[in-house]
Each structure stands twice: as structure tokens, then as C-alpha cells.
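S.K.: The opening position of the sequence shown corresponds to residue 404 in our numbering, with each subsequent residue numbered one higher. Every residue gets a Cβ at the ideal spot worked out from N, C-alpha and C, and that includes glycine.
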Amino acid sequence: MLRIFLMLAAFFGFTGVALGAFAAHGLKNRLTPEYLAVFQTGVHYQMLHALALLGVALLSVQVGGALVKWAGWAFAVGILLFSGSLYLLTLAGLSVGIVTPIGGLFFLIGWALLFATAARLG
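Pasting the structure below:
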């Protein structure tokens, strides 16, 4: 799982920086301040969870186990659903309703799984 989660962390980190720069320079005059803030929220959560994926990659080597693996997948799905839905809303005007909170739920699940992993350590 090390390779997969490292690649996901790098991909989401890279695209998060690129999207943040795009928002700061390319969207500043195209979006309302409210929509720009929504877009930046997507970038912020994407970057935080890209770092979480980096931690999961390292934990997959040190600790291993299904909980760590599922935490990583929960973070990846959370980024796609939460941040992705915010990008769609601001760039395409496409509101996907319940998808954003479901993405947030996946973030919470990932963190809960990491907590459960820590609780099992001797």
C-alpha cells in the first residue's frame, strides 16, 4: 500500500497546489468572493488530506493492517467527493447536493480509522 498511497498523496498534493494557484491568479476576477472562498475550501481540505495520505503511506509500512488501508481509501474518496463537488459547484455551477457532506463523512471515517489503529497499538 506504500506505493499507492504515496502516489495518491503526491497527486492530490500536486493538484491541490496547482488548483490553489489557479484560484489565486486565474479565478480571482471570475468568481464572486463567496465562490472563491468555496473553491479555496476545497483546496484546503484537499491539501490537508493529501498530507494525511502521506501519513497513511508511512503507517502502512510501520503498522500495516486493514484499518490503515481503509483510512487511506476513505481520505482519497473524501477528497474526490468533498473537494471535487466544491470545484464542480464553483467552476461549472453544478450543485451535486448531498455529495459534499458524504465526502466530509469519508474524511471523518478516515480519521476514526486512524484513531482505531492507534488504539490497537500496544
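Considering S498, what are the terminal residues of the alpha helix (DSSP H) in which it resides?
M.R.: That residue, S498, is in no alpha helix (DSSP H); it is neither H nor E in DSSP.
S.K.: When the Cα atoms are used, what is the spatial distance from T435 to G487?
M.R.: Near 19 angstroms, if we compare the C-alpha coordinates of G487 and T435.
S.K.: Taking one C-beta from the region 450-457 and one from the region 406-416 each time, how about it: are there three or more such pairs within less than 8 angstroms?
M.R.: Yes: at least three Cβ pairs fall under 8 angstroms.
S.K.: Would the beta-carbon of A477 fall within 7 angstroms of that of I512?
M.R.: Yes; because the gap between Cβ atoms is below 7 angstroms, this pair is in contact.
S.K.: Below 6 angstroms CB to CB, which residues in the same chain sit around V446 once its five sequence neighbours on both sides are set aside?
M.R.: Hits under 6 angstroms: G419, L422 and G423.
S.K.: How many angstroms separate the CA atom of T493 from the CA atom of F442?
M.R.: Rounded to whole angstroms, T493 to F442 spans 6 angstroms at the Cα level.
S.K.: Taking the Cβ atom as the reference point for each residue, do V471 and T503 lie within a distance shorter than 7 angstroms?
M.R.: Result no, Cβ atoms of V471 and T503 do not sit closer than 7 angstroms.
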